[in-house]
Each structure stands twice: as structure tokens, then as C-alpha cells.
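Number of protein chains: 2
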Amino acid sequence: MSFRSLTLKPGRLLATIHETAQLFGPKGVWGPESTQTGVCRLSLSDLDKGVRDWFIKETENLGCEVKVDEIGNIFAIYPGKNPDAKPTAIGSHLDTQPTGGRYDGVLGVLSGLEVLRTIKENGFVPNYPIALINWTNEEGARFPMSIMASSVWAENIPLQQAYKLESVTDTDPVSVEHELKRIGYLGPVKASYKTNPIAAHFEIHIEQGPVLEDEERKIGIVTGVQAYSWYKVRVFGKASHTGTTPLLARSDALLAASKLIVKGNELAKKHNCLFTVGVLNLNPAVVNVIPEFVEFIIDVRNPTDEGLTKILADIKETFPIIAKESGKKLAVEFELIYTSDAVKFHPDCISSVRDSAISIVGESKVREMQSGAGHDSCATNSRVPTSMIFIPSKDGVSHSPEEYSSPEDVHIGFEVLLNAVLQYDSFRKV
Amino acid sequence: MSFRSLTLKPGRLLATIHETAQLFGPKGVWGPESTQTGVCRLSLSDLDKGVRDWFIKETENLGCEVKVDEIGNIFAIYPGKNPDAKPTAIGSHLDTQPTGGRYDGVLGVLSGLEVLRTIKENGFVPNYPIALINWTNEEGARFPMSIMASSVWAENIPLQQAYKLESVTDTDPVSVEHELKRIGYLGPVKASYKTNPIAAHFEIHIEQGPVLEDEERKIGIVTGVQAYSWYKVRVFGKASHTGTTPLLARSDALLAASKLIVKGNELAKKHNCLFTVGVLNLNPAVVNVIPEFVEFIIDVRNPTDEGLTKILADIKETFPIIAKESGKKLAVEFELIYTSDAVKFHPDCISSVRDSAISIVGESKVREMQSGAGHDSCATNSRVPTSMIFIPSKDGVSHSPEEYSSPEDVHIGFEVLLNAVLQYDSFRKV
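Chains V and C, in that order, give the protein sequences. Residues in the first sequence are numbered consecutively from 1, following this note's numbering. Residues in the second sequence are numbered consecutively from 1001, following this note's numbering.
Given below as C-alpha cells:
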């Protein structure tokens, strides 16, 4: 029996997405339908415990062996013909942003569940075990480190560092370790790609951008993740009375910051990069006082490390000049707060995704693309062959209750995942 | 005996400024000297009660009759030859901003005190009584209405409206009425220019801007106060992921707001106005989410009402165009939150200030100017002849602990005030 002839149950995956959204944290009504809300399911919350318990029950019912590691990652392992071989993995996350939608992360885990349900129903036995993984705290919203537990598993971050992270969404902050224990998900298995290995990692995710929709394509074959850096930019000026200080005598930190934000966008166009300021604070924040201090965070991205280095050099050269021209007491300071090199996924996994996607929607409906955002697959890719599948996001919206992918696209994405994983399984050597 | 031959005590006024700063709310160290702090003395606080009690004791010791009105304004009336005539008034305020300096307001009241001390010591008897007034809550920092109690006295604001104002600097807000009672300054005298009248109002104040210092002048003859308006500007965009949304697909509310702030400054140059944004907030304020909403307040000023109307029309026409050009989902909304017409002080009072200033520092060291900021004199001017005297502010700094005027300038300012008031007294008819 070829996996290409499996009988599918279109609609069941989407029903499961909506069922879990309804049970575990619906929030943010954006339309009249009962499915038109987002989800708020913060990592290691009671709602997260709820969906984890549900996930384990569902996968055990399918005959999976479930392992929970010491950072709360859940591995549900469906048996294959070679029971002792490393499993081929499908993974993503069930936690969400505070203003999350129904698809980010959840689509990946529940599409994996639909893969297991489908092969179980069809009596299909893969060559190798298939691990369905729910990674802990991908969002970094409650505990401020994104891609946290997959990075611990990949041994890119020490376990103790993750344990000590304190929540930023609780009045009385609690640690990751505390919350793992409280909800019963500090498991006995060591969090390590060495002792709890997988052979490969596949992840399906919404694009979170508008490219597929705009180009009327159905599947993004994700070849890697772009490089990005976050810098804190501090602009120092001089406070003074708005009513009494002539324009030419000012060192207005907000006016300077505004020019920098506009300039950053111009440089991004020039360098074919992305540049965004999402956070900005100012002092003293009084209507009739010229701001003396502005601090903002720039998020700069480029497909290549070299491209990112170039625009950052240009920013660091240009910003101080603009500040100086804007007022004699104005100065600028940069502080690197995070940087992530470009990630290149594995050619074997990319091939599986490409072949699967083309066979299902045809060459004209797919495109290779980089992910703009980080995912658990970045962590797994540092240790094992990895690739990702993107489906269209309506209007490119994400991290918002209005996040939406059509029922058709959700189904097509699942089919591509199913075929990619089973193709990989069929070609895999050990 | 002419007032021009009075014996002065240079240095005493400054000593009193520093003495009261030290006793009643020193805050914000900016240098090694004991006098190098600002002052935080919020209206109707315990510290304000302290300085009020001190003020009454000092003025009663000079032979003043002290009246406290129902909004806490203190009138210390020094007798003249015509005891029943309306007094010539010198007034300002002893309350400060949370980040206040030693001079704003305080200079005005204590220079007036120095006038009374000087004429008392010299045995000089003015033709008419002289009222030294401490107006309640000029700053509007604790209770959010600036020029509050002089406006009640001028009957431009109903007493009950002021009474009901709640503090914005207390964890548990309290009303003006409550605090007046608590510190014992809800007085028996009706707050009214009709039943508790004055004949004229003089106020000396720091410039709070750099013009006098830059032009090396000693005295500003204040002919009025410029017109100004505050508008809330709301920019609506679309949130999306910073890593996945191409520049051309964005409706970035902060990028648009930045362009508006830069444009507002350009328009201000074109129209010879002042334009400032001192307050700005954005949503959702996440590093990797494009802001979907920015709200900021513009403070726009012009010497004339017509000039202000012109730039506001230009802003309202230009801003929506810029927003639209910045992203297809961007839109702008304006909400007027405060407007103040231009104020013209009285020619008789201006003449007294001009004659006095020129006689003391010479024509080359004075200049006529408008006040950029509002003062209690705006309220009194609506009912009685009024003018103001400005002295230089180092670097134009104000509402900051570093607010500074030199000992020489403080003394010269006092001399100009003394002479202006006594000249007015000598020429006054009834």
C-alpha cells in the first residue's frame, strides 16, 4: 500500500483546530461565527495543561508511546517497522501569544495528529517511528525566550537557564521550573537531542505574511529562515518648554527618533531588507515638554548574514549623523539585544516537501521561500535535517485573533505534510 | 522720598529662594552645591502647606493683612496711603512641577516679598496698597488644570469645577476641595475679582526659553502670550509580523506617525510657528509586531490666533495625505483637547515694565517678547491691567531641576519689578 493512496478525512483537522480553540482559551471575538475568535493559551498555564492532557489522551488512543522531557516537551511516538530507529518527527507548539490566533503553532501539532490518525485508520505502517512533538514555550510570550524548549533539547540553551526564566505576564512572577512542576509536566526524560533523538523534523505553519496569498500560491517550500537582529536605540536630547523654545534651539529627541525611523525604512528599501520599530518609549512624556530621551527597538532582517551586516553598518553610520543634524545636543547609542544568523534547512527535507507540494498542487502553485520569523525548526535544524511547509495567511495577519487560513488551504497543507513525511520515511536510510 | 533712591539688599532675595527650596521640597540633585537641586512641591501637599504657612508669617511680620480665599489663593496686602483703594498686585505661584526647579513661580512670589521687605525697611509708603498673591495650582501637575485658581478668581472657571478636580499624582486620588480643607487653606474670602479686587497685576518669571540668553539681554518686556492648541492625533494602521511582511504590504502606524512628526516640524518652519510632540503611545508595543495604532499629542503655537489657524489647517490637510501614501490601510484622526487664544497684556503695565527695565539695564539689554507659556497673568489680564517681566533662563531650561538664572539676573529682575510696580503706583489714578 502506497501512502499516496491513503483515504483522508477532509475537514476533521479543521474541526479539531476549532474544537481545541474552543476548549482551551478562546479569546478576541472578530466575527459573528463561533469559530471567529483568537486563542490565548500562554505557556504552562492551566489552559496549556488542559490542551497537553488532551493531546496525550488523543495520541495514546492512537497507540503512541508518550514521553515528556524535563522541559515539558511532549514526544508522542507512533510505531514503525523499525521500532528501535530514531523517529521521523513532526513538531510545533500549542502555546500562543496573548493576542494569538487559532493557527500559529497549533496548525503544526494538529496537522501532525491528523497524519497519525490517517495512517492509523488506513492501517498504514511506516518504516520508522513517527514522533509528534509539542515543544514548550515557542512563543516566549509568558516566559521571555522564544523557541525555548526546542533550544534546550538541541542543547543550544542550558536547562537551568530556561528553568530560571520568570513569567512576565503574572503579577507575581513564577519560574518555568515552578510552572512545569505545578501543571505536572516536568517529565523524567532528559531534554537532549543525544539521548532522546529524532532523525528529522518537519513543521507545517502559517506563512504569517502575505506573499503566498498575493501570488495566489498554495504552498511555501521553506528553505531557511532569514537572519535578524534587534538593537535598542537610545536618543539623548534636551528637555525644554514647548512654548518657549525656538525650533532652532531644540534638541528634540522624538523629532530625531522620527527621522531615524523614516531613514531606517529608506535604508531597508535600499538594501532590500526589512526594518521595523515596534516598541518606543519617551521621557518625560508631558504635553508641553520637548522629549529629552527616546528609546526604541529596531528589528532588522535579511535573507543572508552578509546582507544583514551591511544594512546594520549603514544604520550605525547614518543614525548619529542624522541625530547631530537635528540638534546640537542630540546623540545616539546602540545596544544589541538579540541576533539570529540565517538558517538553511536540509536539502533532503526540502526535497521531500517540494516533491510532495508539486505532486499535490502543481509547480505553479508553490514557491520556495525563507521564513521571516523564527520557529522550533530553527532549533531542530541545528541538530537534525529539517524543513518547513507554509500555507497562506489571509492578509498576512498573525499574532492577532484575526489570523486565518482557509479550510481548503489547511487541508492542502496537511496533505503536503503527510506526503512529505511519508516520502521521507520511504527514502530514509536508518 | 522717590522709590528710585530706595536702599536695596542685593543677595537677600536669592538667599530666600534657596532657603525655601531647602525647607520645602528640595529634589533632583544636578550639581555638588547644596543649592544645586530642583524642587518638588506639588499643589496642596504638606510641603505646599509648609511654604504657605511660612509665607503668611513673613508677610504678617511686614505688617500685611493676609486674606485666604475659598480656592486657597493667599493675598498679603501691604498698606498704602489710600487704604480703601484696590491694591496693585504682584503675583505668581509657590507650587512646582514634579520635576520642578527653584525659580518657576517661586521667583515671582519671592521677588514680590523682596519688594515688600524693601519698602518696609526704607519706610516707603506707596500711594495704594500692594497685594502680594500666591495663586493656587498654577502648574496643573497634581490637579490637572493649569492656571487653576487665578482662573477661578477671574471667574473664568466655576469654583465647583476646580473643587472637584482629582489628583493624578496620588495612588488614591483626592479632590482639590478635600486637600484645601486638609491643609487648612479653604479660606473664608470669596474667590472673585469682583468682591476681592485688585487694580493691576505684575508678575516676574523666568523666560523658560533661550532667547534672552542667546541675545545677551537682561529683561524681557512681556507684551502678551502666544496662541496655542493641543490636538490628539490618532494613526490607525494594521498589525503584522515584522519578519514576514514586505515593506510595500505594510500599514505601519509608527512609520506614518514618524513622517507626520517630521512634517509637522517642517510646517512649523514654513509658518513660523512652534510644533512639538511630547507624548506618544503605540499598540501593541511588541518588538516583532508592526504597530497598528499610534496616538500622539501635538502642541502648536503662534503669536497670533490667525497664524495658529493657518498652520492647523495645513496640518489637517497634509497629515491624512501622508498617512495614505504610507500604506493603504493607514488613516488619521484629530481630536482637539485644548486651545488658548493669544493674550495681549495692558499697555499701561507694559509701559511701566519697559520704563523700569530701560532705566535699569539700558535699551540694548531689553526686548519686547511674547510668553510662549501660559501664566497666572493670563487669568488676571482677562479682568485687570497686567504685564510680566522675564529674566534669562540658562539654556532655556525649565520644568527641570537644572532650571537656573544667575544671581545677577535675579537681582536685576527684582529691581525692574520694584520700579515697575512703584512707578505704576505713582502714576495710578484711583
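No residue lacks a Cβ here, since even glycine has one placed at the ideal position from N, Cα and C. In this text, all values refer to a predicted model and were calculated from it rather than measured experimentally.
Look up residue i in the DSSP assignment and say whether it is helix, strand or coil.
{"i": "Leu1180 of chain C", "result": "helix"}
{"i": "Ala1199 of chain C", "result": "coil"}
{"i": "Gly1031 of chain C", "result": "coil"}
{"i": "Leu1006 of chain C", "result": "coil"}
{"i": "Ser1352 of chain C", "result": "helix"}
{"i": "Thr1283 of chain C", "result": "The amino acid at residue 1283 of chain C is misidentified as Thr; the sequence shows Asn. Asn1283 of chain C falls in the strand class under three-state DSSP."}
{"i": "Trp1230 of chain C", "result": "strand"}
{"i": "Ser1236 of chain C", "result": "Reading off the sequence, residue 1236 of chain C comes out as Phe, not Ser. Looking at Phe1236 of chain C - three-state DSSP - the assignment turns out to be strand."}
{"i": "Tyr1078 of chain C", "result": "strand"}
{"i": "Val1039 of chain C", "result": "strand"}
{"i": "Leu132 of chain V", "result": "strand"}
{"i": "His346 of chain V", "result": "coil"}
{"i": "Arg1217 of chain C", "result": "coil"}
{"i": "Asp45 of chain V", "result": "The question names Asp, yet the displayed sequence has Ser at residue 45 of chain V. In this structure, Ser45 of chain V counts as coil in the three-state DSSP scheme."}
{"i": "Ala331 of chain V", "result": "strand"}
{"i": "Ile157 of chain V", "result": "coil"}
{"i": "His1399 of chain C", "result": "coil"}
{"i": "His1093 of chain C", "result": "coil"}
{"i": "Ser1146 of chain C", "result": "coil"}
{"i": "Val300 of chain V", "result": "strand"}
{"i": "Tyr338 of chain V", "result": "strand"}
{"i": "Val1262 of chain C", "result": "helix"}
{"i": "Lys270 of chain V", "result": "helix"}
{"i": "Gly100 of chain V", "result": "strand"}
{"i": "Thr171 of chain V", "result": "coil"}
Would you say residue i touches the ligand FAD, meaning its beta carbon is less than 6 Å from a heavy atom?
{"i": "Glu33 of chain V", "result": "Here there are no bound small molecules, and the ligand FAD is not part of this structure."}
List the whole-angstrom C-beta distance separating residue i from residue j, where the pair is believed to meet the contact cut-off of C-beta under 8 Å.
{"i": "Ala21 of chain V", "j": "Tyr128 of chain V", "result": "Rounded, the Cβ-Cβ distance is 32 Å, inconsistent with contact."}
{"i": "Ile206 of chain V", "j": "Arg354 of chain V", "result": "Between Arg354 of chain V and Ile206 of chain V the Cβ distance is about 19 Å, and since that is not below 8 Å, they are no contact."}
{"i": "Lys49 of chain V", "j": "Gly38 of chain V", "result": "So it is not a contact: roughly 20 Å between Cβ atoms."}
{"i": "Leu1330 of chain C", "j": "Ala1256 of chain C", "result": "5 Å"}
{"i": "Thr1096 of chain C", "j": "Cys1040 of chain C", "result": "6 Å"}
{"i": "Val1174 of chain C", "j": "Ala1162 of chain C", "result": "Their Cβ separation, rounded to whole angstroms, is 14 Å, which puts Val1174 of chain C and Ala1162 of chain C out of contact at 8 Å."}
{"i": "Ile391 of chain V", "j": "Ile204 of chain V", "result": "7 Å"}
{"i": "Leu6 of chain V", "j": "Phe124 of chain V", "result": "6 Å"}
{"i": "Arg1052 of chain C", "j": "Ile1074 of chain C", "result": "6 Å"}
{"i": "Val384 of chain V", "j": "Tyr193 of chain V", "result": "7 Å"}
{"i": "Tyr424 of chain V", "j": "Thr88 of chain V", "result": "6 Å"}
Cβ of residue i within 7 Å of Cβ of residue j?
{"i": "Val1115 of chain C", "j": "Ala285 of chain V", "result": "no"}
{"i": "His399 of chain V", "j": "Val1289 of chain C", "result": "yes"}
{"i": "Thr1318 of chain C", "j": "Asp1299 of chain C", "result": "no"}
{"i": "Asn446 of chain V", "j": "Leu94 of chain V", "result": "There is simply no residue 446 of chain V to check, as chain V begins at 1 and stops at 430 in what is shown."}
{"i": "Lys1365 of chain C", "j": "Lys1218 of chain C", "result": "yes"}
{"i": "Leu1165 of chain C", "j": "Gly1072 of chain C", "result": "no"}
{"i": "Leu417 of chain V", "j": "Ser111 of chain V", "result": "yes"}
{"i": "Ser1387 of chain C", "j": "Ile1360 of chain C", "result": "no"}
{"i": "Leu14 of chain V", "j": "Val397 of chain V", "result": "no"}
{"i": "Asn1302 of chain C", "j": "Phe1293 of chain C", "result": "no"}
{"i": "Ala268 of chain V", "j": "Glu70 of chain V", "result": "no"}
{"i": "Asn1137 of chain C", "j": "Ser1043 of chain C", "result": "yes"}
{"i": "Gly1245 of chain C", "j": "Gly140 of chain V", "result": "Correcting the residue identity first, residue 1245 of chain C is Thr in this sequence and not Gly. Result no, Cβ atoms of Thr1245 of chain C and Gly140 of chain V do not sit closer than 7 Å."}
When you compare the CB of residue i with every CB in chain D, is at least one pair closer than 7 Å?
{"i": "Ala1256 of chain C", "result": "Absence of chain D from the displayed structure is noted, the protein chains being V and C."}
The stretch 1295–1315 of chain C: positions lying closer than 8 Å to chain V by Cβ | Listed by position, the residues of the stretch 1295–1315 of chain C near chain V (Cβ gap below 8 Å) are Ile1297, Asp1299, Arg1301.
Pick out the complete beta strand (DSSP E) segments inside the stretch 1362–1391 of chain C, 3 residues or longer, and give them in chain order.
-> 1366–1371, 1386–1391
Closer than 8 Å, Cβ to any Cβ of chain C: which residues of the stretch 195–209 of chain V, in chain order?
-> Hits within the stretch, in order: Glu207, Gln208, Gly209.
Would you list, in chain order, the members of the stretch 265–294 of chain V that have their beta-carbon closer than 7 Å to a beta-carbon of chain C?
-> Those would be Asn265, Ala268, Lys269, Leu274, Thr276, Val277, Gly278, Val279, Leu280, Leu282, Pro284, Ala285, Val286, Val287, Asn288, Val289, Ile290, Pro291, in chain order.
What residues in the stretch 1215–1234 of chain C bring their beta carbon closer than 8 Å to a beta carbon of chain V?
-> Listed by position along the chain: Gln1226, Tyr1228, Trp1230.
Give the residues from the stretch 387–399 of chain V that approach chain C closer than 9 Å (Cβ to any Cβ), ordered along the chain.
-> Here the close residues are Ser393, Asp395, Gly396, Val397, Ser398, His399.
The stretch 401–412 of chain V: which residues have C-beta closer than 7 Å to a C-beta of chain C, in chain order?
-> none
What residues from the stretch 360–385 of chain V come within 9 Å of chain C, judged by C-beta to C-beta, listed N to C?
-> Ser371, Gly372, Ala373, Gly374
Give, in chain order, every residue of the stretch 149–163 of chain V whose Cβ lies closer than 8 Å to some Cβ of chain C.
-> Those would be none; no residue qualifies.
Of the residues that make up the stretch 78–99 of chain V, which ones have a beta carbon closer than 7 Å to any beta carbon in chain C?
-> Thr99
Where the stretch 1175–1196 of chain C meets chain V: residues whose CB sits under 9 Å from a CB there | Among the residues of the stretch 1175–1196 of chain C, none has a Cβ less than 9 Å away from any Cβ of chain V.
For the stretch 235–246 of chain V, which residues have a CB atom closer than 9 Å to at least one CB atom of chain C, in sequence order?
-> Lys238, Ala239, Ser240, His241, Thr242, Gly243, Thr244, Thr245, Pro246
Output, in sequence order along the chain, the residues in the stretch 323–336 of chain V whose CB is closer than 8 Å to any CB in chain C.
-> none
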